[in-house]
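J.:
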Amino acid sequence: MRAASGFRMETAAMTTPDPNAPWLIVGLGNPGPGYAANRHNVGFMVADLLAERVGGAFKRAPKAQAQVVEGRIGPPGPASRRVVLAKPMSFMNLSGGPVVALRDFYKVPTERIVAIHDELDIDYGTLRLKLGGGDNGHNGLKSMTKAMGPDYHRLRFGIGRPPGRMQVADFVLKDFSGAERKELDYFVDRAADAVEALVTEGLERAQSAYNS
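For what it's worth, the numbering used here labels the leading residue of the sequence shown as 5, then goes sequentially.
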């Protein structure tokens, strides 16, 4: 949960993207089976579902501490979009390094990067798509922004606030509750739909459909 260090801040050049450049879709989480069902790992859960949809299996990334799946999203033919799905294998607070390495290797414009992450300040299961903005205390976003600037897309997956006096760090590193797990598959599926809509239809139409 420490802040990332050692990465040069860059200001994203908001130029017209290369039409052949892929989208880099990053699920944020912590590696290892002990974290797999944590609230903080919902980004990994959505990335795993997207990998199933494109028919790929995660494998070690070239020149980055991450796992990746390459595929296409959208209807068959020219309307589909090339994507690289990624799960950084650093810890959450060091996500920026692997993401920048993947961005550079695949030559992805910063505005075609999507971070999928848990969000404390919206209700459980609520989704919010946005471009740019602050990190709201999220260490994965903080590391990414320090490494490459803020001008990337985010899919915020609401997990709600911790109950009572529970510390935020304890809350996000606990598994979803039994009651939450009853709806988790539905919400993860909807989040994957939102990412697909963003990539194939654009931010405005995806926000209209999924920002509940």
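A virtual CB, placed ideally from N, CA and C, is assigned to each residue, including glycine.
Just the Cα atoms here: how many angstroms apart are Arg64 and Gln71?
T.: So the alpha carbons of these two residues sit roughly 5 Å apart.
J.: Who does Ile117 pair with in a DSSP beta bridge?
T.: DSSP, once it has assigned bridges, lists Leu28 as partnering Ile117.
J.: Taking the beta strand (DSSP E) that Arg85 falls in, what are its first and last residues?
T.: Arg85 -> beta strand (DSSP E) spans Arg85 to Pro92.
J.: Considering Cα atoms alone, identify which of Ser84, Phe175, Asn45 and Leu54 is closest to Arg194.
T.: Out of Ser84, Phe175, Asn45 and Leu54, Leu54 has the C-alpha closest to the C-alpha of Arg194.
J.: For the 8 Å Cβ check, are there 3 or more pairs between the region 181 to 197 and the region 140 to 154?
T.: No, the region 181 to 197 does not touch the region 140 to 154.
J.: Inspect the beta-carbon positions of Leu32 and Leu133 and report whether they are closer than 8 Å.
T.: Their beta carbons are not under 8 Å apart, which means Leu32 does not touch Leu133 by this criterion.
J.: Tell me whether the region 41 to 61 and the region 82 to 89 touch, counting them as touching only if at least three CB pairs, one residue from each stretch, are closer than 8 Å.
T.: Short answer: they touch.
J.: Can we count Thr130 as close to the ligand ZN, meaning its CB is less than 7 Å from some heavy atom?
T.: In the structure on display, the ligand ZN does not appear, and there are no ligands present to speak of.
J.: Just checking my contact of Ile163 with Arg43 at CB under 8 Å: how many whole Å lie between their CB atoms?
T.: Confirmed, about 5 Å.
J.: Please report how far the alpha carbon of Lys111 lies from the alpha carbon of Val58, in whole angstroms.
T.: Taking the straight line joining both Cα atoms gives about 21 Å.
J.: Measure the Cβ-Cβ separation of Phe161 and Val46 and say whether it is below 8 Å.
T.: Yes, the Cβ-Cβ distance between Phe161 and Val46 is below 8 Å.
J.: With a CB to CB cut of under 7 Å and the five nearest residues on each side skipped, what residues in its chain are close to Phe62?
T.: Closer than 7 Å at the Cβ level, and outside the excluded window around Phe62, lie Ala55, Gln71, Val72, Val73 and Lys91.
J.: If I follow the unbroken beta strand (DSSP E) through Arg132, where does it start and stop?
T.: Taken as a continuous stretch (DSSP letters only), the beta strand (DSSP E) holding Arg132 covers Leu131 to Leu135.
J.: State buried or exposed for Glu123, treating a residue as buried only when at least 16 other CB atoms are found within 10 Å of its CB.
T.: Flag for Glu123 reads buried.
J.: Given a cut-off of 8 Å on the beta-carbon distance, is the pair Pro102 and Ala68 in contact?
T.: Contact flag set, yes.
J.: What residue range does the beta strand (DSSP E) around Gly75 cover?
T.: Looking at the DSSP string, the run of the beta strand (DSSP E) that includes Gly75 is Ala70 to Ile77.
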